[in-house]
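Colleague: Below you will find the structure I want to go over with you.
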Amino acid sequence: MVKWTDFERATIQDIFSKIDYEVVGPAAFSRCLIVYPWTQRYFGGFGNLYNAAAITSNPKVAAHGKVVIAGLEKAVKNMDDIKSTYKDLSVLHSEKLQVDPDNFNLLADCLTIVVAGQMGAAFTPEVHAAFQKFLAVVVASLRKQYY
Amino acid sequence: MSLTAKDKETVKAFWAKVVPKAEDIGQDALSRMLVVYPQTKTYFAHWKDLSPGSAPVKKHGATVMGGVADAVAKIDDLTSGLLNLSELHAFTLRVDPANFKILAHNILVVFAIRLPNDFTPEVHVAVDKFLAAVARALSEKYR
Numbered sequence: 001m002v003k004w005t006d007f008e009r010a011t012i013q014d015i016f017s018k019i020d021y022e023v024v025g026p027a028a029f030s031r032c033l034i035v036y037p038w039t040q041r042y043f044g045g046f047g048n049l050y051n052a053a054a055i056t057s058n059p060k061v062a063a064h065g066k067v068v069i070a071g072l073e074k075a076v077k078n079m080d081d082i083k084s085t086y087k088d089l090s091v092l093h094s095e096k097l098q099v100d101p102d103n104f105n106l107l108a109d110c111l112t113i114v115v116a117g118q119m120g121a122a123f124t125p126e127v128h129a130a131f132q133k134f135l136a137v138v139v140a141s142l143r144k145q146y147y
Numbered sequence: 001m002s003l004t005a006k007d008k009e010t011v012k013a014f015w016a017k018v019v020p021k022a023e024d025i026g027q028d029a030l031s032r033m034l035v036v037y038p039q040t041k042t043y044f045a046h047w048k049d050l051s052p053g054s055a056p057v058k059k060h061g062a063t064v065m066g067g068v069a070d071a072v073a074k075i076d077d078l079t080s081g082l083l084n085l086s087e088l089h090a091f092t093l094r095v096d097p098a099n100f101k102i103l104a105h106n107i108l109v110v111f112a113i114r115l116p117n118d119f120t121p122e123v124h125v126a127v128d129k130f131l132a133a134v135a136r137a138l139s140e141k142y143r
């Protein structure tokens with residue numbers, strides 16, 4: 001079981017209460033598709049992903065960005081048992097979507113960069129560390145059901 | 001994943017905006033790395049103070065950014081341009097190259113914080129590629 005300090009717990013709740021989901025989800029997801037273009041392999045049905053401008057203005061990308069961040073919120077609400085909260089999501093990504101789990105780290109990095117941009121100086125090294133730990137637990141939980 | 005002409009242009013243009021804040025950015029990135037990825041502290045056990053903003057961290061952050069600035073100037077041939085630095089890292093410092101990626105990520109996070117309007121997704125991909133190319137050049141002499 002993951003142990004969270006009071007600071008980490010409070011920081012994660014604080015970050016997610018402050019960020020605008022409608023902005024952060026789509027921004028992080030589109031950044032991932034732009035910066036790591038091989039991740040586009042999972043989104044063949046999304047239409048025009050030809051260049052950064054197309055990706056940023058693609059409505060399916062924006063919609064999916066919101067789905068991703070809604071999924072993260074589940075972890076925020078269940079910080080003491082992210083592993084079981086994400087059991088079905090892990091099976092989904094492994095069996096149905098067949099996503100290479102190394103991609104989770106790519107999206108996590110983009111999310112960190114977008115949240116850092118939003119929070120500015122408030123994203124101190126200590127806050128950054130808490131966020132990094134949270135994302136590491138999320139990624140590990142999503143990897144758990146792969147075999 | 002080598003740098004296209006457009007990548008190089010993008011990196012140079014973005015670097016002009018980094019220059020006035022380079023030391024601050026270097027210090028912040030290094031501080032952050034030591035806090036968020038504590039295993040990196042093992043390379044600095046000889047420093048008295050590893051806390052964010054301490055004197056050794058400030059000084060070394062500036063040194064690192066000086067190295068990156070040098071790389072920008074030598075962007076057309078990083079392998080030969082960074083030969084001495086590669087030898088330093090390979091034979092003297094012996095930093096595991098996996099850490100180059102970690103530091104690069106922290107530099108990108110600080111760019112996002114300090115230059116939010118300039119660090120667009122297009123700039124991000126070019127700079128990420130550039131830092132990866134720098135890491136490759138630094139790894140050149142390892143084995």
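Going down the list, the protein sequences come from chains A and B.
Using the UniProt record's numbering, the first residue of the first sequence is number 1, and each one after it goes up by one.
Using the UniProt record's numbering, the first residue of the second sequence is number 1, and each one after it goes up by one.
Think of the CB as a built atom: it goes at the ideal place given N, C-alpha and C, for glycine as much as any other residue.
Output, in chain order, the set of chain B residues within a Cβ distance shorter than 9 angstroms of serine 30/A.
Modeller: Within chain B, the residues near serine 30/A are Pro121.
Colleague: If the cut is a Cβ gap below 7 angstroms, which residues of chain B does phenylalanine 123/A touch?
Modeller: Correct list: Ile113.
Colleague: Report all residues from its chain with a CB closer than 7 angstroms to the CB of leucine 89/A; omit the five preceding and five following residues, and keep chain order.
Modeller: Hits under 7 angstroms: Gly71 and Leu142.
Colleague: State the CB to CB distance for the pair lysine 133/A and glutamate 22/A, rounded to an integer number of angstroms; the pair is presumed to be in contact (CB under 8 angstroms).
Modeller: Going by Cβ atoms, the distance from lysine 133/A to glutamate 22/A rounds to 26 angstroms, so no, they are not a contact pair.
Colleague: Would threonine 112/A count as contacting chain B if we go by Cβ distances under 8 angstroms?
Modeller: Chain B contact via Cβ: present.
Colleague: Closer than 8 angstroms, CB to CB, is alanine 63/A near chain B or not?
Modeller: Closer than 8 angstroms: no.
Colleague: Could you name the residues of chain A that asparagine 52/B contacts, counting a contact when the two beta carbons are closer than 7 angstroms?
Modeller: One detail in the question is off: residue 52/B reads as proline in this sequence, not asparagine. Pro125, listed in chain order.
Colleague: Who are the neighbours of glutamine 132/A on chain B, taking C-beta pairs under 9 angstroms?
Modeller: Under the 9 angstroms cutoff, chain B gives Val36 and Tyr37.
Colleague: DSSP three-state call for residue 169/A: helix, strand or coil?
Modeller: The question about residue 169/A has no answer here: the residues shown for chain A are numbered 1 through 147.
Colleague: With a 10 Å radius around its C-beta and 16 neighbouring C-beta atoms as the bar for buried, classify glycine 45/A as buried or exposed.
Modeller: So glycine 45/A ends up on the exposed side.
Colleague: How far does the alpha helix (DSSP H) with histidine 60/B in it extend, from its first residue to its last?
Modeller: That run of the alpha helix (DSSP H) goes 55-73.
Colleague: I'd like to know if threonine 85/A contacts chain B, where contact means its C-beta is closer than 8 angstroms to some C-beta of that chain.
Modeller: Taking Cβ atoms only, chain B never reaches closer than 8 angstroms to threonine 85/A, which makes this a no.
Colleague: Return the residue from the list Lys17/B, Leu30/B, Lys12/B and Ser2/B that minimises the CA-CA distance to histidine 105/B.
Modeller: It is Leu30/B.
Colleague: Which of the three DSSP states, helix, strand or coil, is assigned to residue 209/A?
Modeller: Shown here, chain A extends from 1 to 147; a query on residue 209/A therefore has no answer.
Colleague: Quick one: measure Cβ to Cβ for leucine 82/B and leucine 138/B, integer angstroms, because I've assumed they're closer than 8 angstroms.
Modeller: Yes, leucine 82/B and leucine 138/B are in contact; Cβ-Cβ is about 6 angstroms, under 8 angstroms.
Colleague: Considering only residues of the UniProt domain "Globin" (3-147) of chain A, which uninterrupted alpha helix (DSSP H) runs meet the minimum length of 4 residues and lie entirely inside it, listed in chain order?
Modeller: Counting whole runs of 4 or more residues, the UniProt domain "Globin" (3-147) of chain A contains the alpha helix (DSSP H) stretches 6-18, 21-35, 52-57, 59-77, 82-85, 87-91, 102-119 and 125-143.
Colleague: Report all residues from its chain with a CB closer than 7 angstroms to the CB of glycine 47/A; omit the five preceding and five following residues, and keep chain order.
Modeller: Taken in chain order, the residues that qualify are Asn58 and Lys60.
Colleague: Do you know how far the Cα of threonine 112/A is from the Cα of histidine 128/A?
Modeller: Rounded to the nearest angstrom, the two C-alpha atoms are 8 angstroms apart.
Colleague: Mind listing the chain B neighbours of aspartate 109/A? Cutoff is C-beta to C-beta under 7 angstroms, in chain order.
Modeller: Here the neighbours are His105.
Colleague: Start and end of the alpha helix (DSSP H) containing lysine 17/B?
Modeller: From DSSP, the alpha helix (DSSP H) with lysine 17/B extends over 5-18.
Colleague: Can a CB atom of chain B be found closer than 8 angstroms to the CB of residue 153/A?
Modeller: Shown here, chain A extends from 1 to 147; a query on residue 153/A therefore has no answer.
Colleague: Grab me the residues of cysteine 32/A's own chain with a C-beta within less than 7 angstroms of its C-beta, minus the 5 sequence neighbours each way, in chain order.
Modeller: Excluding residues within five positions, the ones whose Cβ falls inside 7 angstroms are Thr39, Leu106, Leu107 and Cys110.
Colleague: Would you report the Cα separation of phenylalanine 91/B and lysine 18/A, rounded to the nearest angstrom?
Modeller: So the alpha carbons of these two residues sit roughly 46 angstroms apart.
Colleague: Measure from the C-beta of histidine 46/B to each C-beta in chain A and report whether the shortest distance is under 8 angstroms.
Modeller: Judged by the 8 angstroms Cβ criterion, histidine 46/B is not in contact with chain A.
Colleague: Please check if any C-beta of chain B sits within less than 8 angstroms of the C-beta of glycine 47/A.
Modeller: Not one chain B Cβ lies under 8 angstroms of glycine 47/A.
Colleague: If you compare alpha carbons, which of Phe104/A, Leu135/A and Lys66/A is closest to tyrosine 42/A?
Modeller: It is Phe104/A whose Cα lies nearest to the Cα of tyrosine 42/A.
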